[in-house]
Structures are given as structure tokens and as C-alpha cells.
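Reviewing the structure listed below.
Residue numbers (our numbering): 142 to 424.
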């Protein structure tokens with residue numbers, strides 16, 4: 142009985158800790174991408190409608206079936222070139238080297254100055270004011286046709302952030318430019334937000350930098366954060382035939398005319414793994 146009471150007290154303590162909510166803020170950003178290196182440069186490029194997708198004309202790519210890709214720009218003696226030097230790549234993978242470049246920028250941007258090794262170990266990174274997950278496991282690549290998986294992750298993010306549907310005025314969509322996937326995400330948005338869906342601006346930046354797979358959500362979350370901060374929405378490139386009548390931000394950046402700016406960022410993966418993140422500016 143004593144062990145049972147101890148167990149109950151432990152559960153109550155855990156529930157109490159989970160009930161305490163802290164405000165989480167973004168203090169630093171860093172990026173290495175096909176649109177450039179450095180958050181300020183990349184943000185400028187995305188708003189100007191620049192595209193980082195290029196033709197692979199060098200001889201080393203001649204045997205590839207597709208010779209279009211989002212390459213990271215490299216300049217002689219530049220930070221990326223140094224990160225990918227032969228000496229560096231002897232000790233770590235290229236992706237790790239580039240991640241460290243982005244991390245270094247984010248730490249400098251945040252003016253992060255740990256006072257001890259213990260502070261370094263206790264430092265974590267988190268973004269957002271609401272987070273939602275779902276897994277519909279409908280198909281190995283295609284999400285559920287009714288959009289229920291995507292709708293559930295968005296609804297859970299709103300609940301976790303203690304937000305109402307009407308609070309959302311921008312969605313940075315997963316939008317991989319596949320008719321099936323884009324249509325299902327749109328269906329989910331309409332199903333969840335009802336009549337308010339037509340008042341939400343929607344855009345996707347993948348047309349400018351490609352699908353970065355495991356890094357896609359990170360870069361697109363950064364654009365969403367900067368949208369909340371600056372009050373400007375990045376455009377969707379090459380969108381000539383939208384799947385429906387949602388308020389898409391097309392070709393040109395758009396001013397976000399709200400004092401309180403709250404966005405929803407969607408990232409959906411193969412097998413029906415769905416994640417949504419709520420991000421807002423601080424008044």
C-alpha cells in the first residue's frame with residue numbers, strides 16, 4: 142500500500158509539472174539553404190521571389206536522371222566552403238558541418254553566453270506556442286483522403302497553445318506541389334476552420350528552395366517566425382492553378398495586417414506522420 146501511495150504521489154507531481162506552462166520565445170535563428178547562408182540574406186531572397194532551384198550542368202551530374210536541384214551557394218573562402226573543406230569532412234559528415242554553421246549563427250543571433258559547462262548542458266532549443274502531432278497510417282506515402290490526420294495535428298496544436306481557430310490568420314503549408322497531397326491539406330484546413338478558412342492567408346516556400354525532407358520543417362518554421370516578427374508573408378512561387386479558393390499568397394510577398402500575428406506551420410511526412418506548430422509575435 143505504501144508503494145502504491147508513493148506511485149500516486151509521483152504521478153500527481155508529474156501532472157503538476159506538466160500543468161505549469163512557460164512562455165517559449167525564439168531568440169536566435171541560423172540557416173544554410175539553397176537560398177543562401179544567413180537568416181537575413183535568405184529572408185530577403187524569399188520575399189523577393191528568388192528561387193534556389195538550379196540546373197546541374199557540371200559533368201559530375203551527367204548520369205543523374207534529374208538534373209535540377211536546390212544547391213547551397215558556395216563562394217571561394219566563404220563560410221560554407223570552409224565548412225566543407227577536406228580537413229573538416231575527415232571528422233564529420235557534410236550535413237553535420239552545415240548544421241554547425243547554422244547553429245553558430247543562431248547562437249550569435251541569440252547572444253548566447255553560457256557561464257559554465259553546466260549551463261551548456263542545460264541549454265535547450267524549442268520554438269512555438271502550441272504543438273500537435275498525429276499519425277493516420279493510411280498509406281505508405283499518401284495521407285488520408287479526408288484530411289483527418291492533418292486536421293487532427295492542427296487541432297491539437299491549437300489546443301496545446303490555448304488558441305481559438307479564429308486566432309490563426311496565416312498557415313505556412315506543407316504543400317509539396319503534389320495534387321493529391323495539396324488537395325488533402327486544403328481539405329483539412331477547410332474542415333477544421335470552417336468559414337474562417339477563407340480569412341486565412343496560405344503560402345508554401347518549397348517552390349523557392351525545394352523539398353528539404355528532414356530539414357523542410359526547420360527552414361519553413363524559420364520563415365514563419367520571421368513572418369510573425371516582420372509582418373510580411375512569403376510568396377508561393379510557380380502557383381498558376383490553385384487547387385481551390387483559399388487565400389493563397391502567390392508570386393509576391395504580402396503584408397500581414399494584424400497587430401497580433403499567429404501562424405500555423407504544417408509538416409506532413411510519409412506514412413501519415415503529421416506535425417503542426419503554432420507561432421506568434423510578442424506584443
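The beta-carbon is built from N, C-alpha and C at its ideal position, and this holds for glycine as well.
A quick note: this is a predicted structure, and the numbers were derived from the prediction, not measured.
| Asked | Found |
| --- | --- |
| Is there contact between the segment 192 to 209 and the segment 245 to 259, where contact requires at least three CB pairs shorter than 8 angstroms? | no |
| Residue ranges of each alpha helix (DSSP H) run of no fewer than 4 residues wholly in the segment 191 to 225, ordered along the chain? | 220 to 224 |
| Checking 8 angstroms against the spacing of the C-beta atoms, do residue 298 and residue 273 come in under that value? | yes |
| For residue 292 and residue 225, what's the separation of their Cα atoms in angstroms? | 41 angstroms |
| Assess contact between the segment 354 to 374 and the segment 322 to 335, defined as three or more Cβ pairs (one per stretch) separated by less than 8 angstroms. Is contact present? | no |
| Taking C-alpha atoms, which residue in 416, 412, 417 lies nearest to residue 278? | 412 |
| Which word fits residue 345, buried or exposed, when buried means at least 16 other C-beta atoms lie within 10 angstroms of its C-beta? | buried |
| Quick one: Cα of residue 295 to Cα of residue 182, how far? | 30 angstroms |
| Within the 8 angstroms Cβ cut-off, does residue 357 reach chain B? | This model lacks chain B altogether; it includes just one protein chain. |
| Just mark residue 219 as buried or exposed, buried being the case when its beta carbon has 16 or more other beta carbons within 10 Å. | exposed |
| Kindly identify the DSSP beta-bridge partner or partners of residue 312. | 343, 405 |
| So residue 288 packs on residue 419, CB below 8 angstroms; how close in whole Å? | Not confirmed; about 19 angstroms, so no contact. |
| Using the Cα positions of residue 200 and residue 336, report the straight-line distance between them to the nearest angstrom. | 53 angstroms |
| What does the alpha-carbon distance come out to for the pair residue 366 and residue 347? | 16 angstroms |
| Quick check: what's the CA-CA separation for residue 405 versus residue 342? | 10 angstroms |
| Please report how far the alpha carbon of residue 227 lies from the alpha carbon of residue 180, in whole angstroms. | 26 angstroms |
| Using only alpha-carbon positions, find the residue among 310, 221, 316, 422 that is nearest to residue 176. | 221 |
| Taking only runs that begin and end inside the segment 233 to 298, name each unbroken alpha helix (DSSP H) of 4 or more residues, in chain order. | 235 to 250, 258 to 263 |
| Quick check on the burial criterion: 16 or more other C-beta atoms within 10 angstroms. Buried or exposed for residue 425? | A query on residue 425 cannot be resolved here, the shown segment of the chain reaching from 142 to 424 and no further. |
| Quick one: residues in its chain with C-beta nearer than 8 angstroms to the C-beta of residue 282, no 5 flanking neighbours on either side, listed in chain order? | 411, 412 |
| Going by DSSP, which residues form a beta bridge with residue 421? | 403 |
| Near residue 392, which residues of its chain fall below 8 angstroms by C-beta distance, leaving aside the five closest residues on each side in sequence? | 190, 376, 377, 378, 380 |
| Is DSSP giving residue 415 helix, strand or coil here? | strand |
| With a CB to CB cut of under 6 angstroms and the five nearest residues on each side skipped, what residues in its chain are close to residue 372? | 397 |
| Buried or exposed, going by whether 16 or more other CB atoms sit within 10 Å of the CB of residue 311? | buried |
| Would you check if the distance between the CB atom of residue 422 and the CB atom of residue 276 is smaller than 8 angstroms? | no |
| Is the CB-CB distance between residue 409 and residue 280 below 8 angstroms? | no |
| Alpha carbon to alpha carbon, how far is residue 317 from residue 352? | 7 angstroms |
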